[in-house]
Amino acid sequence: MRSTRIRYYFFAVALLMGSFLVFSSCENDPKVVDALFKKRISAEEAKNIESYLSQSGKVKAKLTSPYMLRYQADSPYIEFPRTLHVDFYDDSTVIESTVDAKYAKYVEFDHKVLLRDSVLVQSIKNGDTLRTQELWWDQDKKEFYTDKPAHVYQRDKIIFAKDGLRAAQDLTSYTFFSSSGPMLVPNSGVPQ
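In the working numbering, each residue carries its 1-based index in the sequence shown increased by 433.
Structure representation (structure tokens):
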């Protein structure tokens, strides 16, 4: 009976010591734990891109860029870090406007493109030119918008939009925010 008690005591002490060693040596480095749980975002790389956007079987835009990165994150996106050029077409596949920027990011789920750095939009139809440092293009609404300063160059005037603007994709209509410069207001636009 005494040997059973000694065995039980020895087993309890060994279990206690083993537990102490296990729990005292288990210290996790937060950086290692973060690295284990951090998702790795894979990037697909492509060079000399030429891509077409079509709707209902008609070409609506042609995109060219020397370099593209596509990221498969929770919200997939495509970056064009080395310039981007887009030609927008009308229903007769005639170019109606063009876009140039030094950087662009396409957010796939939102169908929106962020254009940055020396953004230039030109209308072939009316000759208008839009310049800004940052501009969004909404693919679904077919419009550009920004809350950054922008200049619109028209044949006979320059309009400065201090707090940004909204514009149709073909630059045929605008909404300016805090603008300055000469503007024509048609009779139908004057409140009665």
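Backbone N, C-alpha and C fix where the C-beta goes; we use that ideal spot for every residue, glycine too.
Asked, Found
"Inter-residue spacing [alpha-carbon to alpha-carbon] between residue 567 and residue 490", "31 Å"
"Beta bridge counterpart(s) of residue 505 as assigned by DSSP", "None; residue 505 has no bridge partner."
"Continuous beta strand (DSSP E) assignments of at least 3 residues falling wholly in the stretch 527-593", "528-534, 536-540, 545-556, 562-571, 576-579 and 583-587"
"Per-residue burial, residue 493 [other beta carbons within 10 Å of its own, 16 or more giving buried]", "buried"
"Span separating the alpha-carbon of residue 528 from that of residue 518", "13 Å"
"Residue 607 versus residue 595 - alpha carbon distance", "14 Å"
"Same chain, Cβ closer than 6 Å to residue 600, neighbours up to 5 away in sequence not counted", "577 and 607"
"Start and end residues, beta strand (DSSP E) containing residue 604", "That residue, residue 604, is in no beta strand (DSSP E); it is neither H nor E in DSSP."
"Residue 488 burial status per 10 Å Cβ neighbour count (16 or more: buried)", "exposed"
"Short Cβ contact (8 Å threshold) for residue 533 with residue 553", "yes"
"Rounded C-alpha distance that separates residue 483 from residue 520", "11 Å"
"Whole-Å CB distance - residue 598 paired with residue 583, under 8 Å assumed", "5 Å"
"Alpha carbon of residue 625 to alpha carbon of residue 549, nearest angstrom", "Note that residue 625 scores 39 on pLDDT, short of 50, meaning its location in the model is unreliable and no value can be drawn from it."
"Residue 480: first and last residue of the uninterrupted beta strand (DSSP E) it sits in", "476-488"
"Of the residues 593, 513, 588 and 515, the one placed nearest residue 558, counting alpha carbons only", "588"
"Euclidean distance between Cα positions of residue 486 and residue 555", "19 Å"
"Collapsed DSSP secondary structure at residue 625 in the structure displayed", "Confidence is the limiting factor: at residue 625 the pLDDT is only 39, short of 50, which leaves the residue's position unreliable, though a coordinate-based value still follows. It is coil, neither helix nor strand."
"Limits of the unbroken beta strand (DSSP E) element including residue 513", "510-513"
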